[in-house]
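Note sheet for the following structure.
There are 2 protein chains.
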Amino acid sequence: MISQSATDKQREILNAALKLFVEHGFHATPTSKIAKEAGVANGTLFHYYNTKDELIVALYVDIKTRLSACMNVGENGHLPIKEKCKAFFIGALNWGMENMTEFRFVQQFMSSPYLLMLAPEEIQKQSRVAMDLINEGIKAKVLKKMPVEFIHTLLSSQLFGINQYLMTTKPTPAAQKKLIEESFEMVWGMISV
Amino acid sequence: MISQSATDKQREILNAALKLFVEHGFHATPTSKIAKEAGVANGTLFHYYNTKDELIVALYVDIKTRLSACMNVGENGHLPIKEKCKAFFIGALNWGMENMTEFRFVQQFMSSPYLLMLAPEEIQKQSRVAMDLINEGIKAKVLKKMPVEFIHTLLSSQLFGINQYLMTTKPTPAAQKKLIEESFEMVWGMISV
DNA sequence: TTGCAGATTGACTAATCACTCCACAAAAGT
DNA sequence: ACTTTTGTGGAGTGATTAGTCAATCTGCAA
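Rendered as structure tokens:
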């Protein structure tokens with residue numbers, strides 16, 4: 014029932030929804046098409062998600078959870094702050110490149126009115142780790158003394174931008190790696206003292 | 014007939030559409046509600062725009078045109094490149110703050126499948142001025158020698174990010190001005206040699 | 001075997017929506 | 001004055017959609 018132990022069918026529904034939402038937008042994809050793409054009856058969809066909106070929000074939370082899970086693997090509490098930031102930055106970038114559809118969905122969701130359906134605490138939870146890291150950097154006087162929220166926004170938007178660039182230009186893996194490294198150094202130069 | 018000499022009613026329709034699209038999203042705002050909000054009959058809307066999609070795209074082009082018109086006022090071809098960039102950057106930022114709804118709409122539009130409905134040349138035209146400026150900067154060895162597209166993406170995403178931050182935190186005008194100035198210096202440090 | 005709870009189905013419905021159509025009004029032209 | 005073009009209105013329409021429901025299926029515990 015809870016998304017943590019998602020059924021096969023539930024996964025199929027989420028996958029189908031993700032694909033179609035990114036392709037056609039939220040409202041332009043009927044629930045019937047989602048069900049068909051998932052190989053599931055119409056009613057089954059509504060057995061798991063009471064409304065279409067609920068499905069959309071659930072999909073967002075699911076993706077964010079998968080991203081977070083992917084980011085926490087490297088337990089690198091001992092590294093210097095810059096390295097921790099770098100791991101975070103590059104990790105997020107790589108995840109975005111390996112999950113382009115998910116990335117596009119998040120972008121679409123975040124600049125849509127659906128964002129308001131998310132509980133504020135849920136939004137906060139997503140960026141908690143990054144915020145802590147930035148706070149640590151500021152306290153250690155490694156990062157510029159500016160509002161944490163501001164630095165976080167700069168970092169996030171930069172991640173979005175670079176990802177978008179990589180998605181549209183599709184460089185070779187080698188060129189991509191180089192560009193990502195360079196990007197981080199540029200961004201780091203911007204936010205560090 | 015052409016949007017350059019928009020009728021009163023046409024303007025009302027665009028204004029109403031803008032407001033409702035930002036509030037509820039594209040598909041969640043019926044054309045009937047747009048007409049009502051504009052104080053116009055249902056049929057009148059379809060007299061000016063054959064389809065809802067056409068209206069959406071027209072609205073995007075209209076906003077982009079207004080932004081461009083606002084950016085070209087300062088004929089500052091004689092200034093050093095940094096100052097030209099700064100004027101551009103700060104101009105865009107101020108426009109965004111004075112036209113939050115328009116800004117939100119553009120953001121929503123750009124991360125939606127509607128973007129594909131725009132002719133590629135139309136997209137290119139919008140960023141032409143910025144691209145020329147960046148090219149000039151690279152040739153003069155003032156900016157880092159990197160793909161123009163990449164620098165442009167970095168700048169754009171930064172603009173989006175800062176705007177978003179300002180919109181959510183709503184600082185005092187003085188604090189806002191200071192933050193904008195600082196932001197530019199940070200970004201400039203990132204992209205200049 | 002029996003019984004039961006949750007899963008699954010797909011036909012069905014009430015509502016909604018994009019868009020049409022035609023009547024009429026206001027300019028614009030002649 | 002009169003014809004044409006253009007703008008405006010709003011009821012109407014066919015298609016589509018989110019969500020329902022009663023029936024069937026599945027696995028499992030007693």
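Respectively, the protein sequence lines represent chains A and B.
Take our numbering: the last position of the first sequence gets the number 206, and nothing is skipped along the way.
Take our numbering: the last position of the second sequence gets the number 206, and nothing is skipped along the way.
For glycine and all other residues, C-beta sits at the position ideal for the given N, C-alpha and C.
A quick note: this is a predicted structure, and the numbers were derived from the prediction, not measured.
When only Cα atoms are considered, residue 106(B) and residue 93(B) end up about 20 Å apart.
Annotation for residue 158(B): 151 place their beta carbon closer than 7 Å to its own, counting only its chain and skipping 5 residues before and after. Taking a C-beta distance under 7 Å as the contact criterion, residue 100(B) and residue 89(B) qualify as a contact pair.
For residue 126(A), the neighbours in chain B by C-beta distance under 7 Å run, in chain order, 36, 37, 38. Distance from the CA atom of residue 131(B) to the CA atom of residue 70(B), rounded to whole angstroms, is 7 Å. Contacts with chain A (Cβ-Cβ distance below 8 Å) from the region 165 to 179 of chain B involve 166, 167, 169, 170, 171, 173, 174, 175, 177, 178, listed in chain order. Listed along the chain, the chain A residues whose CB falls inside 8 Å of the CB of residue 120(B) are 124.
Just measuring C-alpha positions, the residue of 194(B), 113(B), 204(B) sitting nearest residue 176(B) is 113(B).
Judged by DSSP in its simplified three-state form, residue 205(A) adopts strand. In the DSSP assignment, residue 153(A) falls outside any alpha helix (DSSP H), carrying neither H nor E.
Counting along the chain, residue 62(A) sits inside no alpha helix (DSSP H), nor does DSSP assign it H or E at all. Between residue 102(A) and chain B, the shortest Cβ-Cβ separation is not below 7 Å. Within 9 Å of the CB of residue 162(B), the CB atoms of chain A belong to 178, 181, 182, in sequence order along the chain. Residue 160(B) and residue 155(A) have their C-alpha atoms some 29 Å from each other.
Assignment of residue 54(B) by DSSP, reduced to helix, strand and coil, places it in the coil class.
Beta-carbon to beta-carbon, residue 33(A) and residue 20(A) are separated by about 19 Å, too far to satisfy the 8 Å threshold. Against chain A, a Cβ distance below 8 Å from residue 203(B) picks out 199, 200, 202, 203. Cα atoms of residue 79(B) and residue 23(A): separation of roughly 46 Å, rounded to the nearest angstrom. The alpha carbon of residue 31(A) has as its nearest neighbour, out of 76(A), 95(A), 109(A), the alpha carbon of 76(A). Remark: C-beta atoms of residue 173(A) and residue 170(B) approach each other more closely than 7 Å. A Cβ-Cβ contact shorter than 7 Å links residue 118(A) with residue 35(A). For residue 133(A), the enclosing alpha helix (DSSP H) has its first and last residue at 133 to 139.
The continuous alpha helix (DSSP H) containing residue 114(A) extends over residues 113 to 123.
Contact note: residue 41(A) reaches chain B through 39, 40, 126, using a C-beta cutoff of 9 Å and chain order. Burial state of residue 58(A) is buried, judged by a 10 Å Cβ sphere holding 16 or more other Cβ atoms. For residue 32(B), the enclosing alpha helix (DSSP H) covers residues 21 to 37.
One alpha carbon belongs to residue 120(B), the other to residue 187(A), and they sit about 31 Å apart.
Secondary structure at residue 185(B): coil, using DSSP grouped into helix, strand and coil. Residue nearest to residue 104(A) within the set 129(A), 143(A), 199(A) is 143(A) (criterion: CA-CA distance).
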